[in-house]
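Down below is the structure, laid out as structure tokens.
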Amino acid sequence: GENVEQHPSTLSVQEGDSAVIKCTYSDSASNYFPWYKQELGKGPQLIIDIRSNVGEKKDQRIAVTLNKTAKHFSLHITETQPEDSAVYFCAAQNAGGTSYGKLTFGQGTILTVHP
Amino acid sequence: NAGVTQTPKFRILKIGQSMTLQCTQDMNHNYMYWYRQDPGMGLKLIYYSVGAGITDKGEVPNGYNVSRSTTEDFPLRLELAAPSQTSVYFCASTYLGQNTEAFFGQGTRLTVV
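Next up, the structure:
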């Protein structure tokens, strides 16, 4: 089955700096890669996703890049703000056949943005 | 629009007790999922359902059971609770299944002592 590795496990930055979180996946059939943000005491919430037919996607201060050959994808947050502090999860999905929307998650990254 | 609602938010169980974690969604989603979240381990899929009356095992189903009698509800049953089931449980739903956003509930924090 699919295996997703996420690094780093914790990341501390100063407000205004950039933050990068990296994930690798093992199943070359995976073709959908969402990123979720989990604030304290809440469930994960989708912040951005990318499909395997594109290499990069951007939404304001957040961007995701995908390298299918190397089987890794990354989340980039620019101009970080204290409200970006949360746990971030990457995930992978084989969006076809009998996947039925099942997601394989990375271990999570605790991002702390210091004012 | 409530989205995905889980109850209870917190629960302490004694070893060997049973309980049902409730999950309901009001988005008319066919696909529903139960994940557990352990520290430093990400989320692991327990069970999922592609529609009323249809359920299947995920990655870590042992010690759990589910049912899906309606589109809205997807309860998770723990029989004979064990300390290894101490975790945070999340219910989620999607509209199309693959390739679309999963909506999560706020979670149930379960401690088995």
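Quick mapping for you: the protein sequence lines, in order, are chains X and H. Heads up: the first sequence begins at 1 in the working numbering, then just goes up one per residue. Heads up: the second sequence begins at 1001 in the working numbering, then just goes up one per residue. Idealized CB from N, CA, C, for every residue including glycine.
- In this structure, Q38 of chain X lies away from V4 of chain X, with their beta-carbon atoms at least 8 Å apart.
- Counting only runs of 3 or more residues that sit fully inside the region 23-60 of chain X, the beta strand (DSSP E) segments are 32-38, 45-51 and 56-59, in chain order.
- Within its own chain, the residues whose Cβ lies closer than 6 Å to the Cβ of P34 of chain X, once the five positions on either side in sequence are excluded, are L46, D49 and A91, listed in chain order.
- Within the DSSP secondary-structure output, Y1035 of chain H pairs in a beta bridge with H:L1045 and H:F1090.
- M1027 of chain H is not bridged by DSSP to any residue.
- Comparing alpha-carbon positions, the option among H:A1092, H:S1087 and H:G1097 lying closest to R1011 of chain H turns out to be H:S1087.
- In the three-state DSSP reduction, D1073 of chain H falls in the strand class (E or B).
- Taking 8 Å as the cut-off, the Cβ atoms of T1055 of chain H and R1068 of chain H count as close.
- Cβ atoms of A1052 of chain H and T1071 of chain H come within 8 Å of each other, at about 5 Å.
- Contact annotation, Q81 of chain X with V113 of chain X: C-beta distance approximately 6 Å; criterion of less than 8 Å satisfied.
- G1051 of chain H is bridged by DSSP to H:I1054.
- Per DSSP, the unbroken beta strand (DSSP E) holding L111 of chain X starts and ends at T109 to H114.
- In terms of CA proximity to G43 of chain X, H:Q1106 leads the group H:V1113, H:K1009 and H:Q1106.
- Judged by beta-carbon spacing, K1009 of chain H lies within the 8 Å limit of R1109 of chain H, meaning their Cβ atoms are closer than that value.
- When 9 Å is used as the limit between beta carbons, S9 of chain X is near these residues of chain H: G1040, in chain order.
- Contact with chain H is found for G96 of chain X, since one of that chain's Cβ atoms lies less than 8 Å from the residue's Cβ.
- 8 Å or more divides the Cβ of Y32 of chain X from the Cβ of F89 of chain X.
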